[in-house]
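Here's the structure, in C-alpha cells; my notes come after.
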Amino acid sequence: MVTLAQRVTRGFKAMPPRGLCMDCSTEDYQAISELMVSKPGR
C-alpha cells in the first residue's frame, strides 16, 4: 500500500501527480486504495 500511495501522490507514467486532486491527503489516497483492494471486481 505504501508504494501505491507514493505513486498516486507523485504520479506514475501517464497518471498525473495526486490524480489532479490537490485537496486530497495521503490518508485519503490510502483509504480509497484499501477500499478498492477490498472489493475486487467492482
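Under this note's numbering, think of the first position of the sequence shown as 4, with each following residue one higher. We put the beta carbon where it would ideally sit given N, CA and C, even for glycine.
Helix, strand or coil for residue i? Go by DSSP, reduced to three states.
i      : result
Met-25 : coil
Met-18 : strand
Met-4  : coil
Grab me the residues of residue i's own chain with a C-beta within less than 7 Å of its C-beta, minus the 5 sequence neighbours each way, in chain order.
i      : result
Ala-34 : none
Gly-22 : Val-11
Gly-14 : Pro-20
Suppose the cutoff is 6 Å on Cβ atoms and the five residues either side in sequence are ignored; what does the same chain contact list for residue i look like?
i      : result
Leu-7  : Ser-36
Tyr-32 : Ala-8 and Val-11
Starting from the C-beta of residue i, find all residues in its chain whose C-beta is less than 8 Å away, skip the five residues before and the five after it, and write them out in chain order.
i      : result
Asp-26 : none
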